[in-house]
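Line by line, the protein sequences give chains A and B.
Here the first sequence is numbered in the working numbering, starting from 1 and rising by one per residue.
Here the second sequence is numbered in the working numbering, starting from 1 and rising by one per residue.
From the three backbone atoms N, C-alpha and C, an ideal C-beta is built for every residue, glycine too.
The structure presented is a predicted model; accordingly, all values stated were derived computationally and were not measured.
Protein chains: 2
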Amino acid sequence: MQNSSESNLTDAVIETFAKTENARLQEIMTALVKHLHAFVREVNLTQDEWFAGIQFLTATGKMCDERRQEFILLSDTLGVSTLKDLINNRKPEGLTEWNILGPFYRAGAPEMALGENIAQNETGEPLLVSGRVLAPNGSPIANALLDVWQSDAEGFYDLQKMDASHMDLRGRFHTNENGEYFFRTIKPSYYPIPDDGPVGKMLRAAGRHPYRPAHIHFQISADGYKALTTELYLNGDPYIDSDAVFGVRSSLVIDLEKRDGVLHAHYDFVMEPVSLEKRENVGAE
Amino acid sequence: MQNSSESNLTDAVIETFAKTENARLQEIMTALVKHLHAFVREVNLTQDEWFAGIQFLTATGKMCDERRQEFILLSDTLGVSTLKDLINNRKPEGLTEWNILGPFYRAGAPEMALGENIAQNETGEPLLVSGRVLAPNGSPIANALLDVWQSDAEGFYDLQKMDASHMDLRGRFHTNENGEYFFRTIKPSYYPIPDDGPVGKMLRAAGRHPYRPAHIHFQISADGYKALTTELYLNGDPYIDSDAVFGVRSSLVIDLEKRDGVLHAHYDFVMEPVSLEKRENVGAE
């Protein structure tokens, strides 16, 4: 340690984590120190820049409360959240991709019959959403549960507009015997992530906008299949190619079509079966 | 962007910083995203681990106030502060190395005559510190100013024990015509960095102690030389080989010697001249 220098300091720091009891924590801290030091070395971080970083992280922590998580916003806008999601949700080709849950999910959305309107008191452009829930071989999954939520035509979720005793633009639907679902709603809007804090400052310094393109959230569950959290993005949205949090996947972008004067959106979800191995494990527990 | 995937997400995120007006900020953000993503990929960071990281950073921010900077502690204990210092204070062989300023420096320490005692009301083992301030060619620098401060025999600085209107264990000395300095004090003690926050939790999880080995701080200035901030470490300290913040450099470790029943410490500082080029720049401004 006494002789640590620019060339061996990183190894010396890593060595101090050698006695970490939790092996996974040791692995993570070792990699963190390695990459953090590589960053400092690559840019030759100056004293002033280091201190600006300290102040930025401190302000980001200070911005956090029960209603605001600025470090998650930072992770989102640096693509770290999406990278973590991609790594943890690798799927075989052909299955519907996982996507962000987001901060506006609420349990207990009203159960509705197919065809009902989840927009109760909303003005906006009517939209009919339909499709099927399928197994990988294309066979329909009956009685799958779709939990659906979205923003209004101005980009606000119910929680942002009214007290928590009310719900709007949320609903739960079951597929019929043909695996079909359909419901009415209004076209959601793009909206900005909160940008009045340190993350907003960073975005402005980079000439980046804070918008997420319009989307509809889904959580889908069915017996014998892994639960699926995803979003469908509306093609033609001005921010479809520049999502501030890097959520858009091309396989989740849907076209809107006008039929009989009404906008239609169609998407078939393909579910991932719970593996036989997994089911046996569950049975053994 | 729509087609971003595990393989090209990092490039897509870096691309969003391409329009950053400040070229240096763009360079830093590009490297930060690259290394941050490399870390996430290398350890295959899970959802729970990611969230534990978010919570750790948030708690670290919440711990910061006017008296406590937990993010600097985090930087210190991960070796980032020292790495940054080493990078920014590269010196030709033979010159005294730069070292940590630390949080306890105070301007306006009392001016003292050579030989005076900076320990006013302290109990502890008496220590006589002496040496010279030299040019790289070994010639003495007269009238150099040494600003000195240190902890007491229990490891506390004045600021930690008394109100800010009092100073103790601090003093300013000028070298004589032979470049010599000498002053009396007491032997300082090792002490822990604040470990009742998230950083302390991290250290305990890693089986690391929070101690810094005993040291004396110096800030030295002289006409025609770059100001030098450094520390001298006392050999024999139980933490001399395991400084919690990686500050110890072997060239700054001094032996204590007992002569006539009194501890002596001796160190010659070698100053870096202000380069001719720099002086011309200053003149041109």
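Could you please give the first and the last residue of the uninterrupted alpha helix (DSSP H) stretch that includes L9 (chain B)?
As a position in the second sequence, residue 9 (chain B) is number 9, starting the count at 1. Here the alpha helix (DSSP H) through L9 (chain B) covers 9–15.
What in chain B is Cβ-close to V80 (chain A), meaning under 8 Å?
Working through the first sequence from its first residue, we reach residue 80 (chain A) at position 80. Residues of chain B passing the Cβ test: L36, H37, V40, W50.
Using beta-carbon positions only, say whether E180 (chain B) and G131 (chain B) come within less than 9 Å of one another.
As a first step, residue 180 (chain B) is located in the second sequence; it is residue number 180 there, counting from the start. As a first step, residue 131 (chain B) is located in the second sequence; it is residue number 131 there, counting from the start. Against a cut-off of 9 Å, the Cβ pair of G131 (chain B) and E180 (chain B) comes out as a contact.
Let me check understanding here. Comparing Cα to Cα, which of B:S7, B:A12, B:E6 lies closest to D319 (chain A)?
Since the displayed chain A opens at 1 and closes at 285, residue 319 (chain A) lies outside it and no answer follows.
When the Cα atoms are used, what is the spatial distance from Y157 (chain B) to I216 (chain A)?
Taking the first residue of the second sequence as position 1, residue 157 (chain B) is located at position 157. Taking the first residue of the first sequence as position 1, residue 216 (chain A) is located at position 216. Y157 (chain B) and I216 (chain A): Cα-Cα distance of roughly 59 Å.
If contacts are defined as beta-carbon pairs under 8 Å, then H209 (chain A) and A153 (chain A) qualify, I think. What distance do you get, rounded to the angstrom?
The count along the first sequence starts at 1 and reaches residue 209 (chain A) at position 209. The count along the first sequence starts at 1 and reaches residue 153 (chain A) at position 153. Contact doesn't hold; Cβ gap of about 20 Å is too wide.
By a C-beta neighbour count over all protein chains shown, 10 Å radius and 16 as the cutoff for buried, is T123 (chain B) buried or exposed?
As a position in the second sequence, residue 123 (chain B) is number 123, starting the count at 1. So T123 (chain B) ends up on the exposed side.
For M63 (chain B), which residues of its own chain have a beta-carbon under 7 Å away from its beta-carbon, when the five flanking residues on both sides are left out?
Working through the second sequence from its first residue, we reach residue 63 (chain B) at position 63. Answer for M63 (chain B): E70, G197, P198, listed in chain order.
In chain order, what residues of the stretch 237–248 of chain A put their CB closer than 8 Å to some CB of chain B?
Against chain B - using a Cβ distance shorter than 8 Å - the residues of the stretch 237–248 of chain A are I240, D241, S242, D243, F246, V248.
What does the alpha-carbon distance come out to for the pair F173 (chain A) and D147 (chain A)?
Reading the first sequence from its first residue, position 173 is the one you call residue 173 (chain A). Reading the first sequence from its first residue, position 147 is the one you call residue 147 (chain A). Using only the alpha carbons, I get a separation of about 7 Å.
In terms of DSSP beta bridges, what is V33 (chain B) paired with?
Residue numbering aside, residue 33 (chain B) sits at position 33 when the second sequence is read from its first letter. For V33 (chain B), which the question treats as bridged, DSSP gives no partner whatsoever.
What residue does the alpha helix (DSSP H) around A52 (chain B) start on, and which one ends it?
By 1-based counting over the second sequence, the position of residue 52 (chain B) is 52. Run containing A52 (chain B): 47–63, per the alpha helix (DSSP H) assignment.
Any beta carbon from chain A within less than 9 Å of T16 (chain B)'s own beta carbon?
Reading the second sequence from its first residue, position 16 is the one you call residue 16 (chain B). So yes, T16 (chain B) belongs to the interface.
Kindly indicate if chain A contains any beta-carbon less than 9 Å away from that of F71 (chain B).
Here residue 71 (chain B) refers to the residue found at position 71 when the second sequence is read from its first residue. Yes - at least one Cβ of chain A is within 9 Å of the one on F71 (chain B).
P126 (chain A) bridges to which residues according to DSSP?
On the first sequence, residue 126 (chain A) is found 126 positions in, with the first residue counted as 1. Answer by DSSP bridge pairing, in chain order: A:I186.
At the 9 Å Cβ level, is S100 (chain A) part of the contact set with chain B, yes or no?
Residue mapping note: residue 100 (chain A) aligns to position 100 of the first sequence, counting from 1. Reading off the sequence shown, one finds Ile at residue 100 (chain A), where the question assumed Ser. Not an interface residue.
What separation, rounded to the nearest whole angstrom, lies between the Cα atoms of S4 (chain A) and Q47 (chain A)?
Residue numbering aside, residue 4 (chain A) sits at position 4 when the first sequence is read from its first letter. Residue numbering aside, residue 47 (chain A) sits at position 47 when the first sequence is read from its first letter. Spanning the two alpha carbons is a distance of roughly 20 Å.
From the beta carbon of M271 (chain B), is the nearest beta carbon of chain E less than 9 Å away?
The question asks about chain E, but that chain is absent: this structure's protein chains are A and B.
Could you give the first and the last residue of the continuous alpha helix (DSSP H) run that contains S75 (chain A)?
Here residue 75 (chain A) corresponds to residue number 75 of the first sequence, with the count starting at 1. It spans 70–77 - the alpha helix (DSSP H) in which S75 (chain A) sits, taken as one unbroken run.
Hey, would you say N235 (chain B) sits closer than 9 Å to F183 (chain B), going by beta carbons?
Numbered from its first residue, the second sequence carries residue 235 (chain B) at position 235. Numbered from its first residue, the second sequence carries residue 183 (chain B) at position 183. No; because the gap between Cβ atoms is not below 9 Å, this pair is not in contact.
Would you say Q47 (chain B) reaches chain A, if we count a Cβ-Cβ gap shorter than 9 Å as a contact?
Your numbering for residue 47 (chain B) matches position 47 in the second sequence. True, the Cβ-Cβ gap to chain A drops below 9 Å.
Which of helix, strand or coil does DSSP assign to K19 (chain B)?
Counting from one through the second sequence, the residue named residue 19 (chain B) turns up at place 19. It is coil, neither helix nor strand.
Enumerate, from N- to C-terminal direction, the unbroken alpha helix (DSSP H) stretches of 4 or more residues contained entirely within the stretch 102–172 of chain A.
Counting only runs of 4 or more, we get 158–161.
Given that a residue counts as buried once 16 or more other Cβ atoms are within 10 Å of its Cβ, and exposed if not, what is V33 (chain A)?
As a first step, residue 33 (chain A) is located in the first sequence; it is residue number 33 there, counting from the start. Its Cβ being crowded by 16 or more others within 10 Å, V33 (chain A) is buried.
Locate the beta strand (DSSP E) running through R204 (chain B), then write down its first and last residues.
Numbered from its first residue, the second sequence carries residue 204 (chain B) at position 204. Segment 198–205 is the alpha helix (DSSP H) holding R204 (chain B); no beta strand (DSSP E) there.
Decide if G283 (chain B) is buried, meaning its Cβ has at least 16 other Cβ atoms within 10 Å, or exposed.
For the purposes of this step, residue 283 (chain B) is identified with residue 283 of the second sequence, where counting begins at 1. Low local confidence applies: a pLDDT of 42 at G283 (chain B) is under 50, so the model's placement there is unreliable, with the coordinate-based value given in what follows. That one is exposed.
Hey, is the stretch 18–34 of chain A in contact with the stretch 42–60 of chain B, meaning 3+ C-beta pairs nearer than 8 Å?
Because the criterion of three Cβ pairs below 8 Å is met, the stretch 18–34 of chain A and the stretch 42–60 of chain B touch.
Using C-beta distances below 8 Å, list every residue in its chain close to P273 (chain A), excluding the 5 sequence neighbours before and after it, in chain order.
Here the question's residue 273 (chain A) lines up with position 273 in the first sequence. Answer for P273 (chain A): A135, P136, G224, Y225, K226, listed in chain order.
For I100 (chain B), list the residues DSSP reports as bridge partners.
Along the second sequence, one-based indexing puts residue 100 (chain B) at 100. In DSSP, I100 (chain B) forms no bridge with anything.
If I'm right that N99 (chain A) touches T229 (chain A) with Cβ under 8 Å, what's the distance once you round it to whole angstroms?
Residue 99 (chain A) sits at position 99 when you count from the first residue of the first sequence. Residue 229 (chain A) sits at position 229 when you count from the first residue of the first sequence. Going by Cβ atoms, the distance from N99 (chain A) to T229 (chain A) rounds to 7 Å, so yes, they are a contact pair.
Residues of chain B with CB closer than 9 Å to the CB of A265 (chain A), please, in chain order.
Reading the first sequence from its first residue, position 265 is the one you call residue 265 (chain A). Ordered by position in chain B, no residue passes the 9 Å Cβ test against A265 (chain A), which lies about 17 Å from the chain.
When you compare only the Cα positions, how much space is there between I141 (chain B) and G200 (chain A)?
In the second sequence, residue 141 (chain B) corresponds to position 141, counting from 1. In the first sequence, residue 200 (chain A) corresponds to position 200, counting from 1. When rounded, the distance between both Cα atoms is 51 Å.
Which of the three DSSP states, helix, strand or coil, is assigned to A214 (chain A)?
In the first sequence, counting from the first residue as 1, residue 214 (chain A) sits at position 214. A214 (chain A) falls in the coil class under three-state DSSP.
Give a yes or no on whether the C-beta atoms belonging to L101 (chain B) and K187 (chain B) are separated by under 9 Å.
Reading the second sequence from its first residue, position 101 is the one you call residue 101 (chain B). Reading the second sequence from its first residue, position 187 is the one you call residue 187 (chain B). No, the pair does not count as a contact, with Cβ atoms beyond the cut-off.
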